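S.K.:
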Amino acid sequence: MKIERVEQFHIEMPLRQPFETSFGREDGIYRVITAVYVEGEVGWGEAPVERLPLFSAETAETCWHAQRDALIPLLLDAELESAADVPKVFSPVRGHNMAKAGLEAAVWDLEAKLRGVSLAELIGGERRRVDVGVSVGIQPTVEQLVEQIAAYVEQGYRRVKVKIKPGWDANVLAAIRERFPDLPLMADANAAYTLDDAPLLWSLGEYGLLMLEQPLGYDDLLDHATLQQAFYTPVCLDESITTLGRAREALELGSCRIINIKPARVGGISAAKAIHDLCEERDVPVWCGGMLETGIGRAANLAVASLPNFRLPGDISASARYWEEDIVEPAFTLNEDSTIDVPQGPGIGVEVRRDLLERFTLARAEYRRG
């Protein structure tokens, strides 16, 4: 397989409502969408980068640069037997995981379409439906947060994750538990605390959490190991897991009992599957986090989350949770049992709406082989 042409789209899309975490508030998203072409077929991928380097060191600008000046030339020069070859093609480039992931996802989509199978089937997925929950950002008041959770529960979401930060933690969880004593509940700190806060963090276990996600430094493994050793609530790592090697180190150190696999954060679908396989061998459950993806990235995430060791509900909520109009059709909807269907059509199983993609496009570029 020789990629003949690549398109890049730098897009900006408004969210239906702001999303706030411990490191800031987002009113919309910036993304780099890529399309790769062979024999009249097109594959789509998404790099869920942001405008500023807050969650990750990568931004829309660095992603555009890394793809344009390094990764796309390598891809256009390569001869691929499979999308699984893409990480080796990209290996001369250090870092830039999200930039790599967006392009690799497009090649996976393309290969699945050329083979006439779904992406889920191509990578070994087993589920037709994936258990999902909803992630709720920091709100102006605790009362507003509880009412928003009530609305999501009414819509059918059976697992809720809330963002926390210093001063917005125990009081928030107490209020949620008072209203919803049996609701499966997670808390995500996005690296907002230090080991000095261990007594407070340990106390959060009193609220019956499924897990506490990334409480300490975004690149830390050692302090998380200290915290987890004395904590009966499972610690889940997100930002700290950037490669298969980091996942192996975290498990060896005992830094966590659960791993959140975001394909874009770890460098793509191949890396996500490798981490999944490692955790399955160690009997460590994984789940698929979300990064406010459009339907392109959401479809790929659902395919990944159909792998057998994704044992916990993911943050792959319905399209309407985030967008007035998604850039794919059909949009993703929530089933009555708090699941979302894994697309079964060829590739990622949804069609990209070029009219909406172009409406949200800030910049576009095209590159050809030779």
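In case it helps, the numbering used here puts the sequence shown at residues -17 to 352.
Cβ atoms here follow ideal geometry from the backbone N, Cα and C, with glycine treated the same way.
Since the structure is predicted, the reported quantities are computational estimates derived from the model, not experimental observations.
#1: What residue ranges within the segment 45 to 86 form continuous beta strand (DSSP E) runs of no fewer than 3 residues, ordered along the chain?
#2: Answer yes if the segment 79 to 90 comes into contact with the segment 256 to 272, meaning at least three C-beta pairs across the two stretches below 8 Å, and no otherwise.
#3: Taking Ala282 as the reference, give the member of Ala102, Leu(-3), Val31, Arg159 with the closest Cα.
#4: Can you give the Cα-Cα distance for Leu194 and Leu177, rounded to whole angstroms?
#5: At the level of alpha carbons, what is the spacing between Lys173 and Gly22?
#6: Which same chain residues end up closer than 7 Å to Glu10 when comparing Cβ atoms and leaving out the 5 residues on each side of it in sequence?
#7: Can you tell me whether Gly279 is helix, strand or coil according to DSSP?
#8: Within the same chain, show all residues whose beta-carbon is closer than 6 Å to that of Trp26, passing over the 5 residues directly before and after it, in chain order.
#9: From which residue to which residue does the beta strand (DSSP E) around Asp170 run?
#10: Spell out whether any CB of chain C is found under 8 Å from the CB atom of Val71.
#11: Which residue or residues does DSSP assign as beta-bridge partners of Val24?
#12: Rounded to whole angstroms, what's the CA-CA distance from Pro122 to Tyr19? Just pull it up for me.
#13: Which residue comes first and which comes last in the beta strand (DSSP E) that contains Asn242?
#14: Along the chain, where does the alpha helix (DSSP H) containing Asp205 start, and where does it finish?
#15: Considering only the alpha carbon of each residue, which of Lys(-16), Arg7, Ser38, Arg111 lies closest to Glu61?
#16: I'd like the list of long-range same chain contacts for Gln130, defined as Cβ closer than 8 Å, with 5 residues on each side in sequence excluded.
#17: Can you check DSSP and say which residues form a bridge with Arg346?
M.R.: Looking at the atomic coordinates:
#1: With a minimum length of 3 residues, no continuous beta strand (DSSP E) run stays inside the segment 45 to 86.
#2: no
#3: Indexing the sequence shown from 1 puts residue 282 at position 300. Minimum Cα distance to Ala282 is reached at Ala102.
#4: In the sequence shown, counting from the first residue as 1, residue 194 sits at position 212. In the sequence shown, counting from the first residue as 1, residue 177 sits at position 195. Spanning the two alpha carbons is a distance of roughly 14 Å.
#5: As a working mapping, residue 173 is identified with position 191 in the sequence shown. As a working mapping, residue 22 is identified with position 40 in the sequence shown. What sits at residue 173 in the sequence shown is Ala, not Lys. In a straight line, the C-alpha of Ala173 is about 45 Å away from that of Gly22.
#6: Position 28 of the sequence shown holds residue 10. Checking the displayed sequence, the identity of residue 10 turns out to be Gly instead of Glu. The beta carbon of Gly10 is closer than 7 Å to those of Glu(-6), Met(-5), Pro(-4), Leu(-3) in its chain, skipping five residues each way along the sequence.
#7: Within the sequence shown, the letter at position 297 stands for residue 279. It is helical.
#8: Position 44 of the sequence shown, counting from 1, holds the residue named residue 26. Listed in chain order, the non-local C-beta contacts of Trp26 below 6 Å within the same chain comprise Ala17, Ala88, Asp91, Ile278, Val334, local neighbours out to five positions each way being set aside.
#9: Counted from its first residue, the sequence shown places residue 170 at position 188. The continuous beta strand (DSSP E) containing Asp170 extends over residues 167 to 170.
#10: Absent from the structure is chain C; it holds one protein chain and no more.
#11: For this step, residue 24 is matched to residue 42 along the sequence shown. Paired residue(s): Tyr19.
#12: For the purposes of this step, residue 122 is taken as the residue at position 140 of the sequence shown. For the purposes of this step, residue 19 is taken as the residue at position 37 of the sequence shown. Rounded to whole angstroms, Pro122 to Tyr19 spans 46 Å at the Cα level.
#13: Here residue 242 refers to the residue found at position 260 of the sequence shown. Unbroken beta strand (DSSP E) run through Asn242: 240 to 243.
#14: Taking the first residue of the sequence shown as 1, we reach residue 205 at position 223. From DSSP, the alpha helix (DSSP H) with Asp205 extends over 204 to 211.
#15: Translated into positions along the sequence shown, residue 61 becomes position 79. Ranking Lys(-16), Arg7, Ser38, Arg111 by CA distance to the CA of Glu61 puts Lys(-16) first.
#16: Numbered from 1 along the sequence shown, position 148 holds the residue referred to as residue 130. These residues qualify, in order along the chain: Val118, Gln121.
#17: Residue numbering aside, residue 346 sits at position 364 when the sequence shown is read from its first letter. DSSP output for Arg346 lists Phe(-9) as bridge partner(s).
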